[in-house]
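In this note's numbering, the protein residues as written are 222 to 617. We put the CB at the ideal spot given by N, CA and C, even for glycine.
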Amino acid sequence: MRADPLGFLLDELEAFKEQGLYRRLRVLSAEQRAKTTVDHREVVNLSSNNYLGLTSHPRLRECAIEAVRRYGVGTGSVRPIAGTLDLHVELEQRLAEFKQTEAVVVFQSGFAANAGTVSATLGKDDVVISDELNHASIIDGCRLSRAAIKVFPHKDVDAARAILRELPASQRKLLITDGVFSMDGDLGPLPDLCTLAEEFGAIMMVDDAHASGVFGRNGRGTIDHFGVHGRVDIQVGTLSKAIGVLGGYVAGSRVLIDFLCQRARPFLFSTSHPPAVTAACIAALDVLLEEPQLIDRLWENTRFFKAGLVALGFDTGLSESPITPVIVGDGALAMQLSERLFANGVFAQGIGFPTVPRDKARVRTIVTAMHTREDLQFALDVFGGVGRELGILKPS
Ligand SMILES: Cc1ncc(COP(=O)(O)O)c(C=O)c1O
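In structure tokens, the structure reads:
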């Protein structure tokens, strides 16, 4: 019998387990809501990106069902062959209006939008200047492009400037940052980076995955929040988080969007969004415009919960968004904290190396507009009890 040529994977999996890096999937058997059923247990859910509760909003649900009735369940083709429905065109027009840009192209995910855009736009002679905490999809896009990658320390505009100063003026370069950083919940220094990009003639790109639906007027994102419209050449957003459905998009000039439709590989070579997804995304835009109170509630809950964690004595880092990390340092301790929270009815995932630095392991919390005060107070009480039990907090 031949030896299993994939046997080495088992060794790697064992190593993950020994290092405490093996991730077991938790399974939801109910809607993605503030309180839900995870691994057969009723818990307060602090792990989802469903910021506004749109995953189960009645209007999105109805529009999705109606689209299935009218168009069926799939598109049967990639966009450039026969997979462009009038729904896709409508969604892109609506998003462009919303983001105040000339045009938008929608991708199957935010990951595909970032990776597909960077790899299509740049080539091996170009340079990317990238924040060290930028999302994995940006990093993969940079690698696929074969451009040189120069990383600057988190949010360090002076360090980015020093890199840019060394590059020839004729060099094509892309300056790229997340709008909201997904593990720390802090914001990219957009105004200063835009100024830098203008000074050195760099393309300015922002991944606004965690900002869409959360920051700016009606959730238009960090470009709107900071008032830097017209200064960001490439805006990426996701439809998978606050928008509650699935997908990503790029907003920018008509030339950029036309080019991506010719060259971005996920757009060219992967089947387009099903009708239900596309119709639900259009409905989500209506909700953002007509129910801004959802965003107000998200921020009220964010302020309440963050203040509660700080009052308990936790280290919540530099978060400025509904993503609030509870930083404990040691990886094993973060996993233990997450386990004990879960056993007591609170679902908040532990995050360790390599997603965050080795000494910055944490439990990441995300509140939503759907949480009630009782849900959040319950979670705070559990955090307090478990924090003291594990010696993270001083005994009361
Ligand atoms: C900063 C950031 N960019 C992009 C993505 C990818 O978005 P999507 O889940 O739509 O693929 C994520 C999601 O994890 C993210 O956190």
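Quick check: does the Cβ of residue i come within less than 7 Å of any heavy atom belonging to ligand 1?
| i | result |
| --- | --- |
| F332 | yes |
| H356 | yes |
| T443 | no |
| A501 | no |
| T338 | no |
| N271 | no |
| G274 | no |
| G469 | yes |
| H592 | no |
| A430 | yes |
| T576 | no |
| T589 | no |
| D399 | yes |
| T459 | yes |
| S268 | no |
| A335 | At residue 335 the sequence reads Asn, which differs from the Ala that was named. Flag set: Cβ of N335 near ligand 1. |
| S433 | no |
| S403 | yes |
Note down the Cα distance separating residue i from residue j, rounded to an integer number of angstroms.
| i | j | result |
| --- | --- | --- |
| V248 | V265 | 14 Å |
| A418 | V349 | 12 Å |
| A532 | G605 | 10 Å |
| E235 | R245 | 13 Å |
| C482 | A528 | 45 Å |
| D228 | L395 | Note on residue identity: the sequence assigns Gly, not Asp, to residue 228. Their Cα atoms are separated by approximately 41 Å. |
| R364 | A485 | 15 Å |
| I360 | A336 | 8 Å |
| K371 | T258 | 43 Å |
| F319 | L611 | 46 Å |
| E512 | P279 | 13 Å |
| T338 | V427 | 12 Å |
| E239 | D232 | 11 Å |
| S491 | G573 | 32 Å |
| R262 | L558 | 17 Å |
| L506 | C415 | 27 Å |
| T537 | F237 | 27 Å |
| Y292 | A501 | 13 Å |
| A383 | D596 | 47 Å |
| V325 | D225 | 47 Å |
| L273 | F436 | 12 Å |
| F200 | A463 | Because the chain spans 222 through 617 in this model, residue 200 falls outside it and cannot be assessed. |
| A430 | E387 | 30 Å |
| L460 | V449 | 22 Å |
| G434 | S269 | 14 Å |
| S250 | D405 | 28 Å |
| E323 | V453 | 13 Å |
Our contact map puts residue i next to residue j with C-beta atoms below 8 Å; I'd like the distance itself, whole angstroms only.
| i | j | result |
| --- | --- | --- |
| V549 | A582 | 6 Å |
| A564 | V584 | With a Cβ gap of about 13 Å, A564 and V584 do not count as contacting. |
| I455 | G473 | 5 Å |
| P496 | V289 | 7 Å |
| T589 | L519 | 6 Å |
Using 10 angstroms around the beta-carbon of residue i, count the other beta-carbons present and answer buried if the total reaches 16, otherwise exposed.
| i | result |
| --- | --- |
| T593 | exposed |
| G608 | buried |
| P546 | buried |
| A255 | buried |
| L300 | Per the sequence presented here, residue 300 reads as Arg, with Leu not at that position. Looking at its Cβ environment, which holds 16 or more other Cβ atoms inside 10 Å, R300 is buried. |
| K615 | exposed |
| T457 | For the sequence presented, residue 457 should be read as Val rather than Thr. Under this definition V457 is a buried residue. |
| G442 | buried |
| S493 | buried |
| D407 | buried |
| A368 | buried |
| G295 | exposed |
Is any beta-carbon of chain B found at less than 8 Å from that of residue i?
| i | result |
| --- | --- |
| D307 | The structure shown contains no chain B; it holds only a single protein chain. |
Going by the C-beta, is residue i closer than 7 Å to any heavy atom of ligand 2?
| i | result |
| --- | --- |
| S540 | For the structure depicted, ligand 2 is absent and the ligand set comprises only ligand 1. |
- Quick one: which unbroken alpha helix (DSSP H) runs of 4-plus residues sit fully inside the segment 461-517? Chain order, please. 475-484, 486-490, 496-511
- Complete runs of the alpha helix (DSSP H) confined to the segment 407-470 [at least 4 residues]: 411-421, 443-446
- Write down every uninterrupted run of the alpha helix (DSSP H) in the segment 351-380 whose length is 4 residues or greater and which is fully enclosed by it, in chain order. 357-366
- Task: May I have a chain-ordered list of the beta strand (DSSP E) segments no shorter than 3 residues that lie completely inside the segment 289-335?
- Result: 324-328
- Within the segment 567-616, ranges of the alpha helix (DSSP H) (whole runs, at least 4 residues): 594-610
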